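The listed protein sequences derive, respectively, from chains A, B and C. Sequential numbering of the first sequence, starting at 1, is according to our numbering. Sequential numbering of the second sequence, starting at 227, is according to our numbering. Sequential numbering of the third sequence, starting at 453, is according to our numbering. Beta carbons are placed, not taken as given, at the ideal position from N, Cα and C, and that holds for glycine. Given the structure is predicted, the values throughout are model-derived calculations rather than measurements.
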Amino acid sequence: MTWDDFVLAFFSWQIVSEAWPILWDGLQRTILMSIMVVPLGFLGGTILALLSTVHNPWVRWPAAVWTDVFRALPPLVLLIFLYAGVPFTGLEISAWGAVAIGFFLNTGSYYGEILRAGIESVPRGQQEAARSTGLTRWQTMRWIVLPQAFRNVLPDLISNTLEVVKLTSIASVVALPELLFQARQAQSVTYNATPIVAAAVIYFILLWPMVRVLSRLENKALAGRR
Amino acid sequence: MTNWERFVDSFFNARVAAEYFPKIVEGFWLTIVLAACIIVTGLAAGLGLAVIRAFGLRVVNLLIIFVVDLFRALPPLVIIALLYFGLPAAGLSMDGFVCAWIALAAVLMAFSEEIFWAGITAVPKGQWEAARSTGLGFLQTLGYVVLPQALRMTIPPLTNRTIAITKGTALASVVAVPDILGAANAGVSFSFNPTPLTMGAAAYLVLFLPVVIFGRWVETRFAWKR
Amino acid sequence: MAIVEATGIHKHFGALHVLKGVDLVVQEKELVFVIGPSGSGKSTLLRCLNRLEEPSGGAIIVDGVDMLSPRTDINKARQRIGMVFQSFNLYPHMTALGNVTLALRKVLGLPKAEAEKRGQAALDRVHLADRAGHFPGQLSGGQQQRVAIARAIALEPRVMLFDEPTSALDPELVGGVLEAMRELRQDGMTMVVVSHEMAFARAAADRVVFMADGAIVEQGTPDEVFGNPQHERTKAFIGQIGRH
């Protein structure tokens, strides 16, 4: 294979321009999906984290088991189960519905675990001080504990958000035409690898700034802990 | 059939379960083998890169940082697709197992390099100076003094990251690897019953639930105390 | 005979000129005390002697070895120069004995038993033989610093450098470290000490060197420097110390 063949197979400008409309279509859907699933997962996580602070073991333990089960199950398994398994019961779930539920369960557990660690990282003295000034338990949580908790685990939250955005690529398996799916379509039509390379480049351009910020934050956090 | 009967017949069908149990078990072992390959090569490569980075060669380090960023930013499924569907265009065809192995090992390499490196830089400068002042060389200091301390610090984040990436083995099913999910998917399409998916999900829980709980334990056991 | 001969040492940190041509000669069995306000360059000078800092210019001969020559095996040369740090810098993942024997085994290549015998003897010299199996986290600051001294003397260096060895210690723990240093001196060790322990300097030093702004301002016996300082800056510094 000559260099020119190689460039033609992987970096063909002509293929990129031909495939661009469909790639752009996929990219928009990837972004839309991210905008949908990140807040959804965050919501699920906040609920789980708050449940884990409740003293009643009948609330706390199911929340912990729930979190571990959905952290143990690979998200793709969950997604396929929802998309290909559940309809056998007569309950039709669209690809978008399966993605929404699957991500809510999976990423919710991850966000939940991070937020729980964040809440635990806030010294008890903070709660005691707040309660001593007459704030209720809920007010203490809302105004004193959660703000500090968020800040303490910010790098982990960003890291998880990055993972969630990357994870949206598995929706291609359930035929949701996001970026990777469209790139695969274009690749099989043109029998040229360029569309997949283009998709990879788009992901990289989209997510690299986040990786850089994260790398800075993580190093700082580690240096502070020594 | 009542709804309940239909539900049981769909997801907990004894006949289908018995038929596909051996396939799922085969997939179970394949998943373990794939996971082991990924963990060993990924962590070894990550540690290797971190050690090379410690030499402080500017050009080499910029290259390492770029490679690490690249594999942190790209979704694993995109890398797998690139290797499995893209590389044949260059005349290089690898089977799905190898593609998944390389892709996920590269991702683990990137994440673990970042963690190992953060651990190395978190060891106080005085440790280097004390060791060097007694005549230990650079590599001796790294090997006997710095790395043992760095590795201890990196155990919790490394454990959790390794678990998260190992769960990605389910992605191999997309490129025709008969791992747990691959075997389950095949079972569903042959039997036209989702019970194999239930078994697959159960198999993943058997495999990963202990690991997730172990990760939780590691986190408290090796908290950042010295 | 001179053990340390440093001449015309310069050190720049970027635009900062922290050592401006310092000459320091230390004779065998001499205890030289380096004092001066913070930022005067005394620690940097000490760290240049075993090249933990790379001097920007000058010459350093330690025990006949040219420290700055590219042909010198720096790791070998450093065996002859023991160093004790302000923050101890013990290896937290090793026992006291492990700290002391690491270089014996990996640098001198001694077999384990031999290294442990020598390490135990070094710990005995700082009166910590019974703490050999303890980890740094289980020792007091003063004990940690004495282990650090043992780690250095186990290699039987020709000269010992002390970089503010008691500055990080609680007052009640300082005595034990100074005692270990005094005993070392009685055994005839050549020592260069950067410290603020003026009483110890008066009692034990052969020579006191006063540094300010990256240069040696004056030097002499403790009686001369403390009792009758010549230079204005020395007077001001001694006066300030005296008031505390």
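Within the segment 69-113 of chain A, ranges of the alpha helix (DSSP H) (whole runs, at least 4 residues)
Fully enclosed alpha helix (DSSP H) runs of 4 or longer: 75-80.
Query raised in the report: Counting contacts by CB-CB distance shorter than 9 Å, is Gln187 of chain A in contact with chain B?
Result: Position 187 of the first sequence, counting from 1, holds the residue named residue 187 of chain A. Interface residue, yes.
Excluding the 5 residues flanking Phe537 of chain C on each side, which residues of the same chain have their C-beta closer than 6 Å to its C-beta? As a first step, residue 537 of chain C must be located in the third sequence, where it is residue number 85. Closer than 6 Å at Cβ, skipping near neighbours: Asp615.
Residue interval of the alpha helix (DSSP H) (run including Thr385 of chain B): The residue given as residue 385 of chain B occupies position 159 in the second sequence. Counted as a single uninterrupted DSSP element, the alpha helix (DSSP H) harbouring Thr385 of chain B occupies residues 373-392.
| Which of helix, strand or coil does DSSP assign to Gly493 of chain C? | As a first step, residue 493 of chain C must be located in the third sequence, where it is residue number 41. Note: Gly493 of chain C maps to coil in three-state DSSP.
Note to self: From the DSSP secondary-structure annotation, give me the bridge partner or partners of Lys472 of chain C.
What the structure shows: As a working mapping, residue 472 of chain C is identified with position 20 in the third sequence. DSSP lists C:His462 as partners of Lys472 of chain C.
### Message
Is the separation between the beta-carbon of Met663 of chain C and that of Gly460 of chain C shorter than 9 Å?
### Response
By one-based count along the third sequence, residue 663 of chain C stands at place 211. By one-based count along the third sequence, residue 460 of chain C stands at place 8. The answer is no: Cβ separation not under 9 Å.
Can you tell me whether Gly509 of chain C is helix, strand or coil according to DSSP? As a first step, residue 509 of chain C must be located in the third sequence, where it is residue number 57. Here Gly509 of chain C sits in strand by DSSP.
Check: List, in order along the chain, the chain B residues whose C-beta lies closer than 7 Å to that of Arg71 of chain A?
Finding: Position 71 of the first sequence, counting from 1, holds the residue named residue 71 of chain A. Correct list: Val438.
The segment 631-646 of chain C in contact with the segment 475-488 of chain C per 3-pair CB rule at 8 Å: Cβ pair count under 8 Å is three or more, so yes.
According to DSSP, is Phe448 of chain B part of a helix, a strand, or is it coil? Position 222 of the second sequence holds residue 448 of chain B. DSSP places Phe448 of chain B in coil when its eight states are reduced to three.
Exercise. If you draw a straight line from the C-alpha of Arg226 of chain A to the C-alpha of Val266 of chain B, how long is it?
Worked result: The residue given as residue 226 of chain A occupies position 226 in the first sequence. The residue given as residue 266 of chain B occupies position 40 in the second sequence. Low per-residue confidence applies at Arg226 of chain A: pLDDT is 40, beneath 50, and the placement is therefore not dependable, though the value from the model is reported in the following sentence. Looking at the two C-alpha atoms, the distance is approximately 28 Å.
| Distance between Met546 of chain C and Glu457 of chain C (C-alpha atoms, nearest Å) | What you label residue 457 of chain C is simply residue 5 of the third sequence in a count that begins at 1. What you label residue 546 of chain C is simply residue 94 of the third sequence in a count that begins at 1. The straight-line gap from Cα to Cα measures roughly 35 Å.
Exercise for review: Give a yes or no on whether 9 Å exceeds the smallest Cβ distance from Pro350 of chain B to chain C.
Suggested key: As a working mapping, residue 350 of chain B is identified with position 124 in the second sequence. Look at Pro350 of chain B: its C-beta is under 9 Å from a C-beta on chain C.
Practice item. Evaluate contact between the segment 121-134 of chain A and the segment 92-103 of chain A, counting only Cβ atoms and requiring at least three cross-stretch pairs below 8 Å. Key: The segment 121-134 of chain A, when compared against the segment 92-103 of chain A, does not touch it at the 8 Å Cβ threshold.
Checklist line | Cross-strand partners of Leu330 of chain B (DSSP beta bridge) | finding: As a working note, residue 330 of chain B is residue 104 in the second sequence. DSSP output for Leu330 of chain B lists no bridge partner at all.
Can you list, in chain order, the residues of the segment 75-87 of chain A whose Cβ is nearer than 9 Å to any Cβ on chain B? Of all residues in the segment 75-87 of chain A, only Pro75, Leu76, Val77, Leu78, Ile80, Phe81, Ala84, Gly85, Val86, Pro87 come within less than 9 Å of chain B when Cβ atoms are compared, listed by chain position.
message = Does chain A have any CB closer than 9 Å to the CB of Leu435 of chain B?
response = Walking along the second sequence from the start, residue 435 of chain B turns up at place 209. Output row for Leu435 of chain B: interface = yes.
- Message: Quick check on Asp5 of chain A: buried or exposed, where buried means 16 or more other Cβ atoms within 10 Å of its Cβ?
- Response: Reading the first sequence from its first residue, position 5 is the one you call residue 5 of chain A. Counting Cβ neighbours within 10 Å, Asp5 of chain A comes out exposed, since fewer than 16 surround it.
To the nearest angstrom, how far is it from the Cα of Leu146 of chain A to the Cα of Leu630 of chain C? What you label residue 146 of chain A is simply residue 146 of the first sequence in a count that begins at 1. What you label residue 630 of chain C is simply residue 178 of the third sequence in a count that begins at 1. Cα to Cα, Leu146 of chain A sits roughly 50 Å from Leu630 of chain C.
**Report entry** Terminal residues of the beta strand (DSSP E) in which Phe614 of chain C lies
**Finding:** Counting from one through the third sequence, the residue named residue 614 of chain C turns up at place 162. Residues 611-615.
**Prompt:** Identify the residues that DSSP records as bridge partners of Gln479 of chain C: which are they?
**Reply:** Locating residue 479 of chain C in the third sequence gives position 27, counting from the first residue. For Gln479 of chain C, which the question treats as bridged, DSSP gives the partners C:Ala454.
*Exposed or buried, Ile250 of chain B, counting other C-beta atoms within 10 Å across all chains shown (16 or more means buried)?*
Here residue 250 of chain B corresponds to residue number 24 of the second sequence, with the count starting at 1. If you draw a 10 Å sphere on the C-beta of Ile250 of chain B, you find 16 or more other C-beta atoms in it, and that means buried.
**Message:** Under 8 Å: do the segment 359-379 of chain B and the segment 565-581 of chain C share three or more Cβ pairs, one atom per stretch?
**Reply:** Judged by pairs of C-beta atoms under 8 Å, the segment 359-379 of chain B does not touch the segment 565-581 of chain C, as fewer than three such pairs exist.
### Under 7 Å by beta carbon: chain A residues contacting Lys249 of chain B
The residue you call residue 249 of chain B lines up with position 23 of the second sequence. Near Lys249 of chain B there are no residues of chain A at all, since even the closest Cβ is about 16 Å away, more than 7 Å.
Quick one: Cα of Cys500 of chain C to Cα of Asp658 of chain C, how far? As a first step, residue 500 of chain C must be located in the third sequence, where it is residue number 48. As a first step, residue 658 of chain C must be located in the third sequence, where it is residue number 206. Computed Cα separation, rounded: 22 Å.
Item checked: Proximity to Thr30 of chain A [Cα-Cα], best of A:Leu206, A:Leu78, A:Gly108, A:Glu113 -> Your numbering for residue 30 of chain A matches position 30 in the first sequence. Nearest of A:Leu206, A:Leu78, A:Gly108, A:Glu113 to Thr30 of chain A, Cα basis: A:Leu206.
Practice problem: Return the chain-ordered list of same chain residues with a C-beta closer than 7 Å to the C-beta of Ala49 of chain A, the five sequence neighbours on each side being excluded. | Solution: As a working mapping, residue 49 of chain A is identified with position 49 in the first sequence. By the criterion of a C-beta distance shorter than 7 Å, Ala49 of chain A is surrounded in its chain by Gly112, Leu115, Arg116, Ile119, once the five residues flanking it on both sides are discounted.
(Q) My parser needs the alpha helix (DSSP H) runs of 4 or more residues fully inside the segment 340-375 of chain B; what are they? (A) Every unbroken stretch of the alpha helix (DSSP H) spanning 4 or more residues and falling wholly within the segment 340-375 of chain B is given here in chain order: 351-359.
- Message: Against chain A, does Glu340 of chain B count as a neighbour if the rule is that its beta carbon must be under 9 Å from one of theirs?
- Response: Within the second sequence, residue 340 of chain B is the residue found at index 114, counting from 1. So yes, Glu340 of chain B belongs to the interface.
CB-CB under 8 Å to Lys451 of chain B, same chain, minus the five flanking residues each way: which ones, in chain order? By one-based count along the second sequence, residue 451 of chain B stands at place 225. Because Lys451 of chain B carries a pLDDT of 43, less than 50, the predicted location of this residue cannot be relied on, and the following value inherits that uncertainty. Exclusion of the five residues before and after Lys451 of chain B leaves no residue of its chain whose Cβ lies closer than 8 Å to its Cβ.
Glu670 of chain C - partner residues in DSSP beta bridges:
Along the third sequence, read from residue 1 onward, the residue named residue 670 of chain C stands at position 218. In the DSSP output, where bridge partners are listed per residue, Glu670 of chain C has C:Phe662.
Answer with yes or no whether the minimum CB distance from Ser236 of chain B to chain A is below 9 Å.
As a working mapping, residue 236 of chain B is identified with position 10 in the second sequence. Taking a beta-carbon distance threshold of 9 Å, Ser236 of chain B counts as an interface residue toward chain A.
*asked:* Beta-carbon within less than 7 Å of Arg634 of chain C's beta-carbon, same chain only, minus the 5 sequence neighbours each way: which residues are those?
replied: Taking the first residue of the third sequence as position 1, residue 634 of chain C is located at position 182. The residues are Ala656.
List the residues of chain A whose Cβ lies closer than 9 Å to the Cβ of Pro420 of chain B, in chain order.
One-based indexing of the second sequence puts residue 420 of chain B at position 194. By Cβ distance, chain A contributes Phe81, Ala84, Gly85, Val86, Pro87, Phe88, Thr89.
With 7 Å as the C-beta to C-beta threshold (strictly closer), list the residues of the segment 543-572 of chain C near chain B in chain order. For the segment 543-572 of chain C, which is checked against every Cβ of chain B, the residues closer than 7 Å are Tyr543, Pro544, His545, Leu554, Ala555, Lys558, Val559.
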